[in-house]
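Please read the structure below before turning to the comments.
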Amino acid sequence: MQKARFSGLLALTLAFAALAAMLVLTGCSKSGNATDPRRSGRMPGRDFASQSAAIPVEIAIVKRDTISNYLLANTTLEPERSVDVVAKVSGVVVELRAEEGDQVKAGQLLARIDDSELAVNVKQAKARLDNAKSAFERAREMFQKNLTSREAYEQAKLELETAQAQYESAQLQWQYSRIRAPIDGVVTARNIDLGDMVSVNTVVFSLADFNPLLARVHVPEKDITQVHVGQPAKITVESAPGRTFTGRVQMISPVVDPTTGTVKVTIEIRKREGILRPGMFASVYLVTETHPNALVIPKKALVLESERDMVFTFKN
Numbered sequence: 000m001q002k003a004r005f006s007g008l009l010a011l012t013l014a015f016a017a018l019a020a021m022l023v024l025t026g027c028s029k030s031g032n033a034t035d036p037r038r039s040g041r042m043p044g045r046d047f048a049s050q051s052a053a054i055p056v057e058i059a060i061v062k063r064d065t066i067s068n069y070l071l072a073n074t075t076l077e078p079e080r081s082v083d084v085v086a087k088v089s090g091v092v093v094e095l096r097a098e099e100g101d102q103v104k105a106g107q108l109l110a111r112i113d114d115s116e117l118a119v120n121v122k123q124a125k126a127r128l129d130n131a132k133s134a135f136e137r138a139r140e141m142f143q144k145n146l147t148s149r150e151a152y153e154q155a156k157l158e159l160e161t162a163q164a165q166y167e168s169a170q171l172q173w174q175y176s177r178i179r180a181p182i183d184g185v186v187t188a189r190n191i192d193l194g195d196m197v198s199v200n201t202v203v204f205s206l207a208d209f210n211p212l213l214a215r216v217h218v219p220e221k222d223i224t225q226v227h228v229g230q231p232a233k234i235t236v237e238s239a240p241g242r243t244f245t246g247r248v249q250m251i252s253p254v255v256d257p258t259t260g261t262v263k264v265t266i267e268i269r270k271r272e273g274i275l276r277p278g279m280f281a282s283v284y285l286v287t288e289t290h291p292n293a294l295v296i297p298k299k300a301l302v303l304e305s306e307r308d309m310v311f312t313f314k315n
């Protein structure tokens, strides 16, 4: 009987010992895996994952301004006039008076070709003219006195006219040795150097009139009714970001290009402000409609959502 009580007491004691061991092990495990709030950065009673980062936003105020509708076209700027200056006589270049980029006036001397031979030709032609004048005067006096025939008189008159023409031609050739600007403009190319031998019809300079510059664009036939002479235009170029230049429609072609279905429209730009140049790629905005005192917001405030433009508004 005592043995049985002892066995039951032993079993109960072992059971309590096992339970105590499990509690101790469990407590150690929790202590080892527990996270110190001060180390993790978390505050007690607050889930860190639920915190969302703040998104910065920029607020713009709606304002009133004048806005316009445009037709947009791209083109290359060109001068209203450009000319190639050619040599009209052959010879050696002995003087240069202009460089690329120079602003010149019509008639201004650009270069000179050696004129020594041409000057001799002028003197010889002048001498022949003087002789022809004297011969004609004698023939006229004799004809008036019936001392010579009409044929002799007419021959002397013809020789005088021929000598006069030769003298004028020699003078003109001498003048051609002076190469002059045919128009007001800017020297865009100088193709000769001192000492060069030039021939007749050699292109020696190129000039262009930059005022105004022209922008020729092609407007679709369906939009041409929105364009008229005098209509304002705005011009931008890549080399001057943020700058806008003004122009006006100068001319509208009376025909539609059957190949492209477009109409050529010429815009003149008079205020190039020293920036616009021929050959620049430009975007031309033809103003078709203007809305004064309209409510406007920055373009970047528009958000495309489900193929619709939307804007977020800020509320206090």
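For what it's worth, numbering that gives the first Met the number 0 labels the leading residue of the sequence shown as 0, then goes sequentially.
Even for Gly, the Cβ is constructed at its ideal location relative to N, Cα and C.
If you're wondering where the values come from, they're calculated on a predicted model, not measured in any experiment.
Three or more beta-carbon pairs separated by less than 8 Å link the stretch 250-269 to the stretch 205-216, which places the two stretches in contact. Counting along the chain, E158 sits inside the alpha helix (DSSP H) bounded by residues 149-175. Here K125 has Y166 as same chain residues with Cβ atoms under 7 Å from its own Cβ, once five neighbours each way along the sequence are excluded. When the alpha-carbon of M250 is set against those of P257, I234, E272, H227, the nearest one is in H227. Using a 10 angstroms sphere on the CB of L303, the tally of other CB atoms stays under 16, which defines it as exposed. Three or more beta-carbon pairs drawn from the stretch 218-238 and the stretch 277-287 are found closer than 8 Å, and the two stretches are therefore classed as touching.
Going by C-alpha positions, K299 is about 28 Å away from D222. Its Cα nearest to that of P291, the residue K62 stands out among K62, I58, A281. Between the C-alpha atoms of Q230 and L193 there is a straight-line separation of about 48 Å.
Burial check for L128: the Cβ neighbour count within 10 Å reaches 16 or more, so the residue is buried.
Between the alpha carbons of R139 and S81 lies a distance of about 52 Å. Spatial neighbours of V84 in its own chain (CB-CB distance under 6 Å, excluding positions within 5 residues in sequence) are listed in chain order as V203, F204. With fewer than 16 other Cβ atoms inside 10 Å of its own Cβ, I60 counts as exposed.
For E136, there is no enclosing beta strand (DSSP E); the enclosing alpha helix (DSSP H) has its first and last residue at 115-143.
The residue among P253, I234, M196 with its C-alpha nearest the C-alpha of F244 is I234. Within the stretch 57-107, the runs of beta strand (DSSP E) at least 3 residues long that lie entirely inside it are, in chain order, 62-85, 90-95.
The criterion of a C-beta distance shorter than 8 Å is not satisfied by L117 and R179. Distance from the Cα of I112 is smallest, within the candidate group F280, V197, F311, for V197.
Counting C-beta pairs closer than 8 Å gives three or more between the stretch 72-79 and the stretch 271-278, which meets the contact rule.
Taking a contact as a CB-CB distance under 8 Å, the pair E220 and V255 counts as one, their CB atoms being some 5 Å apart.
Residues of the same chain with a CB within less than 7 Å of the CB of D208, apart from the 5 flanking positions on each side, are P78, E79, R80, I182, D183, G184 in chain order. Residue pairing from DSSP places G246 in a beta bridge opposite A232. Our two residues, A281 and V248, have alpha carbons roughly 15 Å apart in a direct line. Of the candidates K156, K122, T187, R149, the residue whose Cα lies closest to the Cα of Q170 is K122.
As the crow flies, the alpha-carbon of L70 is around 45 Å from that of A86.
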